[in-house]
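As structure tokens, the structure follows; a few thoughts come after it.
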Amino acid sequence: ATAMLALPNAASPTRFVLGIADTVWGQASASVPSPGAGPLPTTLADAGTDTPAAGQYRVQPLVGGGTLAGAPQAVLVEVNLGAAGSGAWVRAWPQGFDLATGLHFQLTGGGGRADATGLVRLVMVLPNGRVDAAGKLGMDILVLLAGATPPQRTYGDCRFDRPAPQSGAAPTSVSGNWVVCETGVSGSGSLPAGAVPPGGHVVLTGSPPSIVDRTGLSATSWDAVTLLNKLQATDIASLTSPAYGSTPDRADAVGHPLPYQPTTGGDPTGGLGAKLGNRLHRLDRSGLTGVTASSVPYTLLDRFEVAAATGTASAATAVIGGTAPVPWALEPGGDYFHGHPGVPASIETHGAGVSLSGAPAVAVAEYVRERTAGLGFGFVQSLTDPARSIAIQSELAVAAEAATALPVIADGSGAGPVAAVLRTGALGMEGIPGAGLAATSSNVFPLSQEVSQFETWLNGLTGATGTAGTQLRNAIGAQTDSISRALDRRIMASAFGMAETLFALLAAIDRAQDLVYLETPAVDQLAINPGGDNVTLWQHLLSRLNTRKGLRVVLCVPTLLLPGTPKMLQAVRDHCLMDAVDAIRAAAPDRFALFSPGAGEGRSIRFASTSVVIDDAFALTGTTHLWRRGLTWDSSLAAAVFDERLVDGRPQDVRAFRIQLLADRLGIAATRVPEDPAELVKAIRALDDRGSDRLSMVQIVRPSPAPANGDIDTWNADGTLSGLSLSSLAASFGAAAALTDVGHAIVEG
Numbered sequence: 003a004t005a006m007l008a009l010p011n012a013a014s015p016t017r018f019v020l021g022i023a024d025t026v027w028g029q030a031s032a033s034v035p036s037p038g039a040g041p042l043p044t045t046l047a048d049a050g051t052d053t054p055a056a057g058q059y060r061v062q063p064l065v066g067g068g069t070l071a072g073a074p075q076a077v078l079v080e081v082n083l084g085a086a087g088s089g090a091w092v093r094a095w096p097q098g099f100d101l102a103t104g105l106h107f108q109l110t111g112g113g114g115r116a117d118a119t120g121l122v123r124l125v126m127v128l129p130n131g132r133v134d135a136a137g138k139l140g141m142d143i144l145v146l147l148a149g150a151t152p153p154q155r156t157y158g159d160c161r162f163d164r165p166a167p168q169s170g171a172a173p174t175s176v177s178g179n180w181v182v183c184e185t186g187v188s189g190s191g192s193l194p195a196g197a198v199p200p201g202g203h204v205v206l207t208g209s210p211p212s213i214v215d216r217t218g219l220s221a222t223s224w225d226a227v228t229l230l231n232k233l234q235a236t237d238i239a240s241l242t243s244p245a246y247g248s249t250p251d252r253a254d255a256v257g258h259p260l261p262y263q264p265t266t267g268g269d270p271t272g273g274l275g276a277k278l279g280n281r282l283h284r285l286d287r288s289g290l291t292g293v294t295a296s297s298v299p300y301t302l303l304d305r306f307e308v309a310a311a312t313g314t315a316s317a318a319t320a321v322i323g324g325t326a327p328v329p330w331a332l333e334p335g336g337d338y339f340h341g342h343p344g345v346p347a348s349i350e351t352h353g354a355g356v357s358l359s360g361a362p363a364v365a366v367a368e369y370v371r372e373r374t375a376g377l378g379f380g381f382v383q384s385l386t387d388p389a390r391s392i393a394i395q396s397e398l399a400v401a402a403e404a405a406t407a408l409p410v411i412a413d414g415s416g417a418g419p420v421a422a423v424l425r426t427g428a429l430g431m432e433g434i435p436g437a438g439l440a441a442t443s444s445n446v447f448p449l450s451q452e453v454s455q456f457e458t459w460l461n462g463l464t465g466a467t468g469t470a471g472t473q474l475r476n477a478i479g480a481q482t483d484s485i486s487r488a489l490d491r492r493i494m495a496s497a498f499g500m501a502e503t504l505f506a507l508l509a510a511i512d513r514a515q516d517l518v519y520l521e522t523p524a525v526d527q528l529a530i531n532p533g534g535d536n537v538t539l540w541q542h543l544l545s546r547l548n549t550r551k552g553l554r555v556v557l558c559v560p561t562l563l564l565p566g567t568p569k570m571l572q573a574v575r576d577h578c579l580m581d582a583v584d585a586i587r588a589a590a591p592d593r594f595a596l597f598s599p600g601a602g603e604g605r606s607i608r609f610a611s612t613s614v615v616i617d618d619a620f621a622l623t624g625t626t627h628l629w630r631r632g633l634t635w636d637s638s639l640a641a642a643v644f645d646e647r648l649v650d651g652r653p654q655d656v657r658a659f660r661i662q663l664l665a666d667r668l669g670i671a672a673t674r675v676p677e678d679p680a681e682l683v684k685a686i687r688a689l690d691d692r693g694s695d696r697l698s699m700v701q702i703v704r705p706s707p708a709p710a711n712g713d714i715d716t717w718n719a720d721g722t723l724s725g726l727s728l729s730s731l732a733a734s735f736g737a738a739a740a741l742t743d744v745g746h747a748i749v750e751g
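Residues in the sequence shown are numbered consecutively from 3, following the numbering used here.
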């Protein structure tokens, strides 16, 4: 968040490729009111409908919080810690119930900061249920207070009566007494400038209390770090609807995430449409097909890119992110295992990223230009769908955009970090449907040839795009080399797919000596392109373990994939993961450690990104997940980095990155992370064996029955196979697509 929101965009527009986004996303605030000294209350008691005294809590309905019949109900939770608890961060999770196991589990909750009196007010969403004596609910409450001893206390199974919902819509303006839950700041009248942090909730504290519609808050009320206040009207952005109907891609008036399908409630552009107007393009899979859109994703194919770049003729700045820029994926700077202190009601999701400048940033700028190609031209901005969506991201638009060359920035002198930007995408997906494959199969595309030959080729494509194609062709100037490179990249990516991260990792593993650290949502040992390259990342790693007897491997994977993930995809992930884990445990049982990090009481962290560190000499981070579909099918972006500035023979920046990752995942200080790879593996195995609240309390188990081979090939697809097309995949994946609704998904809150 810090890097993306710090992009300078005054001199030229910033181009964003975000998938899904929301304008009230931003960097989680680290500011904390002056903390009390404690002690925290030993217990908490239900105050019922009375105002809570010290050591008590109350749950109240909210006007605008929704009704049980229409949507999950948002309620106001008040916790009184007493003056000694002022400044404390409090997180509350309502309990769900697993009918299969008979166990309670924690749903996504809410967070708030205690004011000077020790009173915390937070917004929490309840699951649908009954409003009567049989509808009594429970919640778990976590309190963090730096000045207390101990500084953390959990209050489990705090019971309360479900409050009857209040009728009425959320107010769209602020008047009377109010509180910003996440900061604990209260007042009356208008909100001060910058009073609401990213994803924050404003509650009017009348009787009954009301939650303010977040879309009614002015831009000046939101913190300056939010995307709303960082975006300029001249910026350009590309969004793509999710692969699964169950995936949240928008939020309602109170900030509760809503699924992509059915498309009811919320703003699918997350407010970017109102900010950017026709400089925003959102490719909606449900409304467009391969016939009416360029670069439309295949069925079940995810677009995970989170990237932005801006520049001038002589400078460039860019960022490759991990998590989608939405309020329910915010995270703090550290202490994840403490329940994400300082973060609003959210799903605990981690995504590492990288900020780039100079020549590597130009590589990102080239990529985001391809994904937003056409939006730089007024006549394309003014088109309507389907003409607009087939022009944007088309070969013609890429060529026209490349008529303005990107900056050429020389490498710096002396030792320093070196970065490579790596793309991943399936064969045949980019550009006008079928154009790339047809161009190479019939040898009609003039790779790296003269501009006159490009003109002839482009003329042959204008029939597919109507007058938009003619105007784009006319926009092409004299930048022959720039146009040639842009079209070469597009056609090669479409004709052969992109697996740059895969081959970069294979080369890095071949050089591994001491330690391979992998942090990713998924791994497998399935062959990629068995009729061609026939490579398997995991088998490559096993071979290196056999060759290099001193090599250790640490694998950090989340217990669960992101909310909204189809349950079948989770089952295939678990099955493929356990196959890979069993294989490496058989090959090197004492040189391998596996763990899943926790994120507070009974919660586990989710990963949106992958990070790999090898021998503290090579680091990679991005959204390329390390199983077959992630390495060849889903489109993603990553950066590989190594640093020539050595201390004791190792790049210290890469080493510091790896140590901080491990410290955050294990919930310990960076100084306590073992330096020696053998000791690190031993320590992680011991911690996992004895159990720790810093790790996930839910074990990953092999699903029973095991997914069929056909299901594995569908849900863990190979994007390098020849014959991929929108029509063939729509037919073969049709049954699987029916399992992507909310009823067949991992859903929270």
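Built from N, CA and C at the ideal position, the CB exists for glycine as well.
As a beta-bridge residue in DSSP terms, Met500 pairs with Gly427. When Cβ pairs closer than 8 Å are counted between the two stretches, the region 286–302 is seen not to touch the region 418–425, the count staying below three. Ala393 and Pro299 have their C-alpha atoms spaced approximately 16 Å apart.
A buried status is given to Lys232, since no fewer than 16 other beta-carbon atoms sit within 10 Å of its beta-carbon. Looking at Gly98, Val181, Val79, Gly111, the one whose alpha-carbon comes closest to that of Ala118 is Val181.
In this chain, the beta strand (DSSP E) harbouring Leu260 covers 259–261.
The Cβ atoms of Thr314 and Pro409 lie closer than 9 Å to each other.
Annotation: Ala641 is outside any alpha helix (DSSP H); the continuous beta strand (DSSP E) that includes it extends over 638–645. Taking 4 residues as the shortest admissible run, the region 282–368 contains no complete alpha helix (DSSP H) segment at all.
Sixteen is the threshold: when 16 or more other Cβ atoms of the shown chains lie within 10 Å of the Cβ of Pro15, as they do, the residue is buried. In the three-state reduction of the DSSP assignment, Asn531 falls in the coil class. Out of Ile530, Leu553, Val703, Arg652, the CA that lies nearest to the CA of Trp629 is found in Ile530.
Comparing alpha carbon positions, the residue from Val683, Ala680, Asp617, Leu302 closest to Arg652 is Asp617. Under the criterion of beta carbons closer than 8 Å, Pro334 and Ala30 qualify as touching, at roughly 5 Å. For the 9 Å CB-CB criterion, Val321 and Val356 form a contact.
In terms of Cβ geometry, Gly416 and Trp330 do not form a close pair [threshold 9 Å]. Close CB contacts of Ala235 within its chain, under the 8 Å cut and outside five residues either way in sequence, are with Lys277, Leu278, Gly279, Arg281 (chain order). Ser637 sits close to Asp304, with the two beta carbons spaced by under 9 Å. Here Gln168 is buried: its Cβ has 16 or more other Cβ atoms, across all protein chains shown, within 10 Å.
Ranked by Cα distance from Asp142, the options Pro259, Thr301, Ala49, Gly341 are led by Gly341. Residue state for Phe735 is assigned as coil, using DSSP reduced to three classes. Going by DSSP, Trp717 is part of the alpha helix (DSSP H) stretching over 711–717. Within the region 512–580, complete beta strand (DSSP E) segments of at least 3 residues are found at 517–521, 554–558, given in chain order.
At a cut-off of 3 residues, the continuous stretches assigned as beta strand (DSSP E) that sit fully inside the region 585–673 are 594–597, 612–616, 620–624, 638–645. C-alpha of Thr612 to C-alpha of Gly191: approximately 46 Å in a straight line.
Of the candidates Ala253, Tyr262, Thr567, Asp215, the residue whose Cα lies closest to the Cα of Ser348 is Ala253.
With fewer than 16 other CB atoms across the displayed protein chains lying within 10 angstroms of its CB, Phe381 is exposed. When DSSP reads this structure, Phe107 sits in a beta bridge with Gly98. For Gly275, no beta strand (DSSP E) run applies; the uninterrupted alpha helix (DSSP H) run containing it begins and ends at 274–278, by DSSP. Apart from the 5 residues on each side of it in sequence, Gly268 sits with its Cβ closer than 7 Å to the Cβ of Arg252, Ala253, Asp254, Leu260 in its chain, given in chain order.
Rounded to whole angstroms, the separation of the alpha carbons of Gly87 and Asp163 is 25 Å. By the neighbour-count criterion, in which 16 or more other beta carbons inside 10 Å mark a residue as buried, Ala310 falls on the buried side. For Ser192, the three-state secondary structure derived from DSSP is coil. Contact check for Ser297 and Met431: beta-carbon distance about 7 Å, within the 8 Å limit, so the pair qualifies.
A distance of 9 Å or more separates the beta carbons of Gln58 and Asp159.
Annotated three-state conformation of Phe18 is strand, per DSSP.
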